[in-house]
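Remarks on the structure that follows.
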Amino acid sequence: MPEPGLSEAAEELLAGLWLARENGPEPPCPVDEASRPAAVRELVEAGLVEEREGLPSLTPAGEAEASAVVRRERLAERLLADVLALGDQLASEAACRFEHLLRRGIDDRICTLLGHPRVCPHGSPIPPGACCQVGAEEAGKVVSSLADLTPGQRGVIAYVHSRRREMLHRLLAMGALPGAPVLLRQRFPSYVFDLGQGQIAVDQETARDIYVRLSDERASTRPRRAWFAPRLRRRRGRG
Amino acid sequence: MTARALEFVRDLLTGRRGCGCDTCPVASPLRPRKLLLFGSPNVGKSVVFNQLTGSYAVVSNYPGTTVEVARGRARLGDLWLEVVDSPGAYSLAPLSEDEQVAQRLLLEEPLDLVLHVVDAKHLARMLPLTLQLLEARLPLALDVNIIDEAERAGLRVDSQALSRSLGVPVVATAAARGVGLERLRAVVSEPAPAMSTFTVEYPPPIESAIGQIAKLLSGDYRNSPRALALLLLQRDHGARARLLRTQPEVAAEVDRIVAAAESEYAQPLAFPIALSRQQAADRIARRALEQAGPPARATLAEVLGRLSIHPVAGIAMLPAVLLLIYLVVGRLGAGVMVDYLDKGLFGRHLNPALTGFVSQLLPWPTWAALFVGEYGLLTLGLRYALAIILPLVAAFFLTFAVLEDSGYLPRLALLADRLFKRIGLSGRAIIPMVLGLGCDTMATVVTRVLGSRRERLIATFLLALAIPCSAQLGVILGLLSGHPLGLIIWAGVVLSVLLTSGFLAARLLPGERPRFYLEVPPLRLPSPRNVLLKTYSRLKWYAAEVIPLFLLASVLIWVGEVTRLFPLLVAALRPLVGAIGLPAQAADAFLFGFLRRDYGAARIFDISSGGGLSGPALLVAMVTITLFIPCLAQFLVMQKERGLRAALAVGAIILPLAFGVGFALNLLLVGLRVQI
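First to last, the protein sequences are chains A and B.
With our numbering applied, the first sequence corresponds to residues 1 to 239, in that order.
With our numbering applied, the second sequence corresponds to residues 240 to 915, in that order.
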């Protein structure tokens, strides 16, 4: 498939249509009002959007492209939050621009770097890319799920994400909190890791829910901001 | 009568007895001071309890086995103290049944002191719970326990610094070794300490929500408004239920405040709340813990502990553990003890004496048969209970208590998890499964530690089907020990049935796969006292549960004989028993099996000793008896724990399955002309 080469405004509109349907907590990136008509025309001409019952709606091709845009946006958020430790408005605004740089191929590299995250910092799902299915061992990761560490690797818990709320509470109560140092001991028959002075055993599914920022010599000495710091409303003006 | 009344009044006045009124606001001579032990699993709470009270509580390394609440009395000088040992809890927002119980103990009963017991090594990880207890404005003291292990890790605890930071009394102990107990007794017998003013500071959006909610709360919650507000912000069901009971009119407003605070965060509020607490705990722990030196060289226990979970070494250690169980249960229990008690004590002395005595007392043969006949209450019921079953169960419970207290069971759980996932269980289910080798009835009760209804149901089913209890195991090992091939075939068939049925159950039952997570405690040398006490308390439970049923079974069989119902039922079973290639006498073993599973095995033992069973028939009988319908006690417990429908369904599956497998095995053995 050829690179569509959409304008930034067109990409934001595509993502906006996707987000409206997902109906998640996340507001779309702002689109400049002046460039809106041109962007709509561009999308219709590219066959990504069509009018159905008086409303703009995604075509199958538009579906795929919108998913890719949303993926890039959420990966950008993850990158800014987990690695660059940006917070608040800055991270959100930066993500809205940064995403356009993550063209095809680059997004997969970032995804790999971050250990193939499944959700963005707001908890919305990140559409998986081709790289997520490969599952091969890759070098050069910064963040990785506990399930992908090799025994003996150390790190600090970056975030914990689980579909099951009860699981989350349980892990929190056992002390698996962001910032807690971990050392993976073994992967088989169960994952066993040191958490502080103690030792915890989990199964593979649970190990996948725990994301670890790997320790390395370049690690910043400055304490990192919590990844779930209050999110200030980043909104374009109503209307 | 007057004397008893006087004694009662004296007990009340001296605090030996409470007035029974749990709402007495303060300890008075009428209500003894009450101390609640609180803390996460594996911190030695029960050891502290035993040291304080000198009496017994179930001590365990496994999260969840202290479901029952232990209560005892401690005498400190001339002061009586009521001590309550709560189940292990990681947090004040309860997730498990244990934690619910712990929370209720904390909030619903008047307490003079809460002693939070923590593991010194894990101080930073356990302090968040201390902070929650402080938030709840409970009279608190902190027991930093197991300092010996912390010292081995090179850590030194400064309890004075800790006490200054938290504003509560702190005492460092190694309760299992008796270290620091003097000071502990002094702390718990002092009048309640002044309330600490320590508060955790949360991020502004949460602090403002706490303030708004706390302003609305005015009822009697036995919890500080701040702590309750925090629970409400984490959407704790219990807290919300209490709010609805006490102040239904403010619930909508509280919900609005919670929703507004939640909209400030991407994740549930439990996250930022937990993180703030952890940061405060880290700060306190940094001031109170000192890395005094390098960790000591690994002890034998630590090396073994590491090896026991190693993918290769750990699995290689399994046979050694199984051998230990076999030696204690099969050899010592079934061999030495049963031989002595059954053949020696009952066979040679008691039975002839009882028969003679009762026959003289009751000259009517029908009535005498109730007590001393072939199925008599004394000669059969009591003999089976005391001479065959009890020694086996005692031997097993002893082994189990050693495994449990040494910390080996959680290791077994993590080794088993992958395999268990295939049969719809998590590694955690290893606890009831191994316990089932002792008594399936007790194990069915213990399935409560499992996370979901689905997992509990599968475990209940598999226990009833394919886990032989120690009575059966003892008899089976005893009978087949001379036939290694027979033993291998028996184990192979039962194991395949276990795995296949579990596999199918996991496929067929709807619901999510269980998750596995577990703290791995260090391998510790169990204290002989705790092991013996635990074995004793389990045996007591077993005897109370079993001996009446044995006697009941004897009575039922006698009634059946007298009314001619029993021979009729045996006759009805005979074709079925014949179909799987067993002699007709074996039919009553199966009927006995209905009444008590182990009874059936013991009956086979009798028939076999008399030379009535041999070769393939013996093997088929063993397999069928193992799979056969659970005993009466287990059925009743299944019904109580899982509901009548589930119990009947389990029975309806097992009955044809057991005979079906027996039938197929018989055909196979006869067809292949297997000689055993």
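Ideal Cβ placement from N, Cα and C applies to all residues, glycine included.
Note that the coordinates shown come from a computational prediction; the quantities given were computed from them, not determined experimentally.
Residue interval of the beta strand (DSSP E) (run including residue i)
{"i": "Trp647/B", "result": "The sequence given here has Tyr at residue 647/B, not Trp. Unbroken run through Tyr647/B is the alpha helix (DSSP H), Tyr647 to Arg661; no beta strand (DSSP E)."}
{"i": "His355/B", "result": "Leu352 to Asp358"}
{"i": "Leu214/A", "result": "Ile210 to Leu214"}
{"i": "Pro349/B", "result": "Here Pro349/B belongs to no beta strand (DSSP E), and DSSP marks it neither H nor E."}
{"i": "Trp319/B", "result": "Leu318 to Asp324"}
{"i": "Glu99/A", "result": "Glu99/A -> no beta strand (DSSP E), and no H or E assigned at all."}
{"i": "Glu166/A", "result": "Note, Glu166/A: premise wrong, no beta strand (DSSP E); alpha helix (DSSP H) at Arg165 to Ala173."}
{"i": "Gln186/A", "result": "Pro181 to Gln186"}
Residues that residue i contacts on chain A, provided the C-beta gap is smaller than 9 Å
{"i": "Glu759/B", "result": "Strictly speaking, residue 759/B in this sequence is Val, with Glu absent from that position. The contacting residues are Val192, Gly198, Gln199, Ile200 and Ala201."}
{"i": "Lys360/B", "result": "Gly196, Gln197 and Gly198"}
Chain A contact for residue i (CB, 7 Å cutoff)
{"i": "Phe700/B", "result": "no"}
{"i": "Tyr329/B", "result": "yes"}
{"i": "Leu654/B", "result": "yes"}
{"i": "Thr313/B", "result": "According to the sequence provided, residue 313/B is Ala. The question's Thr does not apply to it. No, because no Cβ of chain A sits closer than 7 Å to the Cβ of Ala313/B."}
{"i": "Arg272/B", "result": "no"}
{"i": "Lys773/B", "result": "no"}
{"i": "Gly901/B", "result": "no"}
{"i": "Lys454/B", "result": "no"}
{"i": "Lys779/B", "result": "no"}
{"i": "Arg570/B", "result": "no"}
{"i": "Pro326/B", "result": "no"}
{"i": "Asn300/B", "result": "Below a pLDDT of 50, predicted positions are generally treated as unreliable, and Asn300/B, at 35, falls in that range; the measurement from the model is reported next regardless. Not closer than 7 Å to any Cβ of chain A, the Cβ of Asn300/B fails to qualify, so no."}
{"i": "Arg310/B", "result": "no"}
Closer than 7 Å to chain B by CB, residue i
{"i": "Pro189/A", "result": "yes"}
{"i": "Gly175/A", "result": "yes"}
{"i": "Arg78/A", "result": "no"}
{"i": "Leu172/A", "result": "yes"}
{"i": "Thr150/A", "result": "no"}
{"i": "His169/A", "result": "yes"}
{"i": "Thr206/A", "result": "yes"}
{"i": "Leu19/A", "result": "no"}
{"i": "Gly5/A", "result": "no"}
Per-residue contacts from residue i into chain B (C-beta, under 8 Å)
{"i": "Glu166/A", "result": "Leu334"}
N- and C-terminal bounds of the alpha helix (DSSP H) containing residue i
{"i": "Ile200/A", "result": "Segment Gly198 to Val202 is the beta strand (DSSP E) holding Ile200/A; no alpha helix (DSSP H) there."}
{"i": "Phe510/B", "result": "Ala509 to Ala527"}
{"i": "Gly450/B", "result": "Pro443 to Leu455"}
{"i": "Lys141/A", "result": "No alpha helix (DSSP H) holds Lys141/A; DSSP gives it neither H nor E."}
{"i": "Phe277/B", "result": "Where Phe277/B is concerned, there is no enclosing alpha helix (DSSP H), although the beta strand (DSSP E) it sits in stretches over Arg272 to Phe277."}
Proximal residues of chain A, C-beta to C-beta of residue i below 7 Å
{"i": "Gly646/B", "result": "Simply none; closest approach about 11 Å."}
{"i": "Ala363/B", "result": "Gly196"}
Within chain B, partners of residue i - CB distance below 9 Å
{"i": "Gln186/A", "result": "Ile548, His549 and Pro550"}
Proximal chain A residues relative to residue i, where beta-carbon distance stays under 8 Å
{"i": "Lys660/B", "result": "Asp203"}
Contact set between residue i and chain B, taken where Cβ atoms lie within less than 7 Å
{"i": "Pro178/A", "result": "Leu514"}
Min CB distance residue i to chain E below 7 Å
{"i": "Thr538/B", "result": "The structure shown contains no chain E; its protein chains are A and B."}
Discussion item. Please list, in chain order, the residues of the region 738-756 of chain B that have any C-beta partner in chain A closer than 7 Å.
Written reply: Arg754, Phe755 and Tyr756
Item to complete: Please determine if the region 733-750 of chain B and the region 659-667 of chain B are in contact, where contact requires at least 3 C-beta pairs separated by less than 8 Å.
Response: yes
Worksheet item: In the region 117-130 of chain A, which residues sit with their C-beta less than 8 Å from some C-beta in chain B, listed in chain order?
Response: Pro121, His122 and Gly123
Worksheet item: How do the region 889-907 of chain B and the region 722-741 of chain B stand: do at least 3 beta-carbon pairs fall below 8 Å, yes or no?
Response: yes
Item to complete: Answer yes if the region 509-524 of chain B comes into contact with the region 480-489 of chain B, meaning at least three C-beta pairs across the two stretches below 8 Å, and no otherwise.
Response: no
Worksheet entry | Segment contact, 8 Å Cβ cut-off, at least three pairs: the region 667-687 of chain B with the region 696-711 of chain B | yes
Practice prompt. Taking a Cβ distance cut-off of 7 Å, strictly less, list which residues of the region 499-531 of chain B are near chain A, in chain order.
Written response: Glu503, Tyr504, Ala505, Gln506, Pro507, Ala509, Phe510, Pro511, Ala513, Leu514 and Gln517
Item to complete: Please confirm if the region 618-628 of chain B is in contact with the region 645-653 of chain B, defined as three or more CB-CB distances below 8 Å between the two stretches.
Response: no
Fill in: the region 195-203 of chain A touching the region 169-184 of chain A, judged by at least three CB pairs closer than 8 Å
yes
Item to complete: Could you name the residues of the region 374-400 of chain B whose beta carbon sits closer than 7 Å to any beta carbon of chain A, in the order they occur along the chain?
Response: Ala392
Worksheet item: Using 8 Å as the threshold, is the region 582-589 of chain B in touch with the region 640-649 of chain B, meaning 3 or more CB pairs across them?
Response: no
Discussion item. Could you check whether the region 393-405 of chain B touches the region 521-531 of chain B, counting it as contact only if at least three pairs of C-beta atoms, one from each stretch, sit closer than 8 Å?
Written reply: yes
Worksheet item: What residues in the region 657-683 of chain B bring their beta carbon closer than 9 Å to a beta carbon of chain A?
Response: Arg657, Leu658, Lys660, Ser665 and Gly666
Discussion item. Using a Cβ distance threshold of 8 Å, determine whether the region 332-341 of chain B contacts the region 444-458 of chain B, with at least three qualifying pairs required.
Written reply: no
Worksheet item: Are the region 759-771 of chain B and the region 598-618 of chain B touching, with three or more C-beta to C-beta distances below 8 Å?
Response: no
Practice prompt. Evaluate contact between the region 27-37 of chain A and the region 50-60 of chain A, counting only Cβ atoms and requiring at least three cross-stretch pairs below 8 Å.
Written response: no
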